[in-house]
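Novice:
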Amino acid sequence: MKFKRMSRFGTAGLLVAAAFGSSVVLTPATASADSEWKCYGKQVKRCATVWWDEAADTYQGRAKITDVAGGGNYDVKVTNVKLQRFNGTKWVNVRTKADNDGWHATEDLAGTATVDPCLSKQTFSVTATFSWRGAASGENTWTPDWSWAKMC
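Anchor point for the sequence shown: position 69 equals 68 in numbering that gives the first Met the number 0, and the numbering is continuous, going up by one each time.
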């Protein structure tokens, strides 16, 4: 049996390909439910998460808005928090929280009731309405472009 001699370039290319291949294999395809806040904005931070209570093994849609220190000094509120699941065709509301407790000087937090993620074995997402008023008033509805899945 004869082996062809591989050049230094070929060896380096093989090592790079092997390293890249192993990183792809080790990287999970879907996000796990780890209750991380995903936030956007500079003067007003808008955050949402599908919160996983490990002890109770439940999901909850949560949203918060914060007037960032050193920003435009905004009043803030978060309303209409919805925990949604993907039914294979579209997003369907599972739990909803209106949370009409008004404006807050620094931060507002709202969350839906909990749901057992293993009952439907679906992918979950959260959406909410984030509002702020101050030097430059505005209102925005933000829907994250990621979701959580749990293997039951």
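In this text, a Cβ means the ideal position worked out from N, Cα and C, and glycines have one as well.
Tell whether a beta-carbon distance below 8 Å holds between residue 67 and residue 44.
Specialist: Yes.
Novice: Where do the N-terminal and C-terminal ends of the beta strand (DSSP E) with residue 78 fall, by residue?
Specialist: 74-85 is the span of the beta strand (DSSP E), which, as asked, contains residue 78.
Novice: Can you say whether residue 65 is buried or exposed, counting buried as having 16 or more other CB atoms within 10 angstroms of its CB?
Specialist: Label assigned to residue 65: buried.
Novice: Per DSSP, which residues does residue 93 bridge with? Please list them.
Specialist: DSSP, once it has assigned bridges, lists no residue as partnering residue 93.
Novice: According to DSSP, residue 146 sits in a beta bridge with which residue or residues?
Specialist: DSSP lists no partner for residue 146.
Novice: Assess contact between the stretch 107-126 and the stretch 79-90, defined as three or more Cβ pairs (one per stretch) separated by less than 8 Å. Is contact present?
Specialist: In short, these stretches touch, since the Cβ pair count reaches three.
Novice: For residue 73, which residues of its own chain have a beta-carbon under 6 Å away from its beta-carbon, when the five flanking residues on both sides are left out?
Specialist: Around residue 73: 43, 66, 131 and 133.
Novice: Hey, could you find the ends of the beta strand (DSSP E) residue 60 is sitting in?
Specialist: Start and end: 57-66.
Novice: Can you give me the Cβ contacts of residue 90 inside the same chain, cut-off strictly under 6 Å, excluding the 5 residues immediately before and after it?
Specialist: The answer, listed in chain order, is 83.
Novice: Output the distance between the C-alpha atoms of residue 105 and residue 41, rounded to the nearest integer angstrom.
Specialist: Spanning the two alpha carbons is a distance of roughly 14 Å.
Novice: Can you give the Cα-Cα distance for residue 59 and residue 47, rounded to whole angstroms?
Specialist: The straight-line gap from Cα to Cα measures roughly 11 Å.
Novice: If I'm right that residue 112 touches residue 62 with Cβ under 8 Å, what's the distance once you round it to whole angstroms?
Specialist: That belief does not hold up - the Cβ atoms of residue 112 and residue 62 are roughly 14 Å apart, past 8 Å.
Novice: Compare the Cα-Cα distances from residue 75 to each of 101, 144, 51 and 55 and report the closest residue.
Specialist: Residue 101 is the option with its Cα nearest to residue 75.
Novice: Please classify residue 107: is it buried, with 16 or more other beta-carbons within 10 angstroms of its beta-carbon, or exposed?
Specialist: Per the 10 Å Cβ criterion, buried.
Novice: Starting from residue 101, follow the beta strand (DSSP E) in both directions and report where the run begins and ends.
Specialist: It is not in any beta strand (DSSP E) - residue 101 carries neither H nor E in the DSSP assignment.
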